[in-house]
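J.: This note's numbering numbers the first residue of the sequence shown as -6 and each following residue consecutively.
Starting off with a structure, shown below.
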Amino acid sequence: MAHWPELAQRLELVLVEPNPGMAARQRQRLQGCPLPARWCVFEAQAHAPLQGVLLAHEVLDALPVERVIWDGVQWRPQWVVLQEGAPPGPSLRLAAGEPLDPQGDAALLNQLQRRGLLAAGGSTAPATALPPGWTTELHTATQPWLSAAAQALQCGVLLVIDYALEAHRYNAPARSQGTLMAYRDQRASGDPLLEPGAWDLTAHLCLECLDADASAAGWLPAGQCRQGQALLALGLAQRLHGLQQLPCDQLSAALAAREALLRLVDPAGLGEFRWIVYRQGSKSTGPVPLCLGEPLLG
Ligand SMILES: C[S@@+](CC[C@H](N)C(=O)[O-])C[C@H]1O[C@@H](n2cnc3c(N)ncnc32)[C@H](O)[C@@H]1O
């Protein structure tokens, strides 16, 4: 910001954070930040929509999902049920519900359709052969979030950074348990019911579904790439080169910084994150201020 004082004067950080504990950590982290910061909810901001860049970094993969199971004949929802039991007492388990029915479960069937998981012609069978017990998650909360975000922004772009898969990879017969994972203190578990409330739950996005949800919410696609490509285009190589120029007494700091930077582009890890950009549809007629692969990242 020191290099762009005039720009800095016109900027503020607006954080949308429903978790009070996270908001407290953010306030602490931003102490001393040269930019003014405030917290808001989308609904309130819709009365005074902003101009700018909306960054959703690992936000959409934290929204609630619905899980469904193909039992070999029909699609069923997967529910969390309370199971009575001997000490230490009741426990939670996952169970298949009644088959999805076109009347009551239209929203889930629409999501299956959008994911390419329903054969054509009104059938409720999967479009490709899936083994019985094949389970996946459907992102029913994404479109409401994208609509609320669109209302809060008068003009600008949305940058979504998340793990995301193309529908054909998401729907692969071998991905039989979907992508729902629990994380805590750098540990991962495939059991979403482990110590409920104590682990972060996350599910990958589906790229085609995200595009469809974004379009329905009034966003236009403006490009996407992997994090590794984005950071290289933003000057990662120069940053790495700069570290080599540091004096010898800063060697350990330089090595740690180098390792941290390389972790961000590791194709087997964070480098697989997708950077997905949308711009405002009907409201913005001006040039796209940011476009992956073009000036900023080119
Ligand atoms: C997985 S964390 C990622 C945080 C951040 N990217 C980081 O690296 O520290 C997801 C964050 O999104 C926040 N969040 C914002 N809006 C949300 C919403 N509507 N539903 C759930 N989480 C939301 C969560 O509270 C949490 O702070």
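C-beta atoms are modelled at their ideal positions from N, C-alpha and C, and glycine is treated no differently.
Going by the C-beta, is H303 closer than 7 Å to any heavy atom of ligand 1?
T.: As displayed, the chain neither begins before -6 nor continues past 291, which places residue 303 out of reach and without an answer.
J.: Would you say the beta carbon of W138 comes nearer than 7 Å to a heavy atom of ligand 1?
T.: Yes, since a heavy atom of ligand 1 falls inside the 7 Å radius drawn around the Cβ of W138.
J.: Just verifying my parser: in three-state terms, what is the DSSP assignment at Q273?
T.: strand
J.: Would you decide whether A223 is buried or exposed? Buried here means 16 or more other CB atoms lie within 10 Å of its CB.
T.: buried
J.: When you measure from the CB of P13 to every non-hydrogen atom of ligand 1, does any distance come out below 7 Å?
T.: no
J.: Would you call the segment 259 to 274 in contact with the segment 203 to 219, where contact means no fewer than 3 C-beta pairs closer than 8 Å?
T.: yes
J.: Kindly examine ligand 1 and report whether one of its heavy atoms sits closer than 7 Å to the Cβ of L224.
T.: No, the beta carbon of L224 sits no closer than 7 Å to any heavy atom of ligand 1.
J.: For L194, is the classification buried or exposed, using 16 other Cβ atoms within 10 angstroms of its Cβ as the cut-off for buried?
T.: buried
J.: Looking at the unbroken beta strand (DSSP E) that takes in L43, where does it start and where does it end?
T.: 43 to 50 is the extent of the beta strand (DSSP E) around L43.
J.: Does the distance between the C-beta of L56 and the nearest non-hydrogen atom of ligand 1 fall short of 7 Å?
T.: For ligand 1, at least one heavy atom lies less than 7 Å from the Cβ of L56.
J.: Can you tell me whether R60 is buried or exposed? The criterion is at least 16 other CB atoms within 10 Å of its CB, across all chains shown.
T.: buried
J.: Between the C-alpha atoms of L236 and W32, what's the straight-line distance to the nearest angstrom?
T.: 35 Å
J.: On the criterion of 16 or more Cβ atoms from any shown chain inside 10 Å, does Y163 qualify as buried, or is it exposed?
T.: buried
J.: What residue range does the alpha helix (DSSP H) around G221 cover?
T.: 220 to 226
J.: Determine the contact status of A134 and L225, defining contact as a CB-CB distance below 8 Å.
T.: no
J.: Going straight from the alpha carbon of W297 to that of A17, what length do you get?
T.: The first residue shown for the chain is -6 and the last is 291, placing residue 297 beyond what the model contains.
J.: Please state if the CB of I62 and the CB of G126 are separated by a distance shorter than 8 Å.
T.: yes
J.: I want to know whether the segment 137 to 155 touches the segment 42 to 49 - three or more CB-CB distances under 8 Å.
T.: With the cut-off at 8 Å, the segment 137 to 155 and the segment 42 to 49 touch.
J.: Hey, how far is the Cα of D184 from the Cα of M174?
T.: 7 Å
J.: If you check the beta carbons only, do Q136 and P42 fall under 8 Å apart?
T.: no
J.: To the nearest angstrom, how far is it from the Cα of G109 to the Cα of Q170?
T.: Each residue's Cα considered, the two are about 17 Å apart.
J.: May I ask which residues mark the beginning and end of the alpha helix (DSSP H) holding A253?
T.: 244 to 258
J.: Within 7 Å: the Cβ of V46 and any heavy atom of ligand 1?
T.: no
J.: Mind reading off the beta-carbon distance from T53 to L158? Whole number of angstroms is fine, and I expect it under 8 Å.
T.: One detail in the question is off: residue 53 reads as Leu in this sequence, not Thr. Rounded, the Cβ-Cβ distance is 13 Å, inconsistent with contact.
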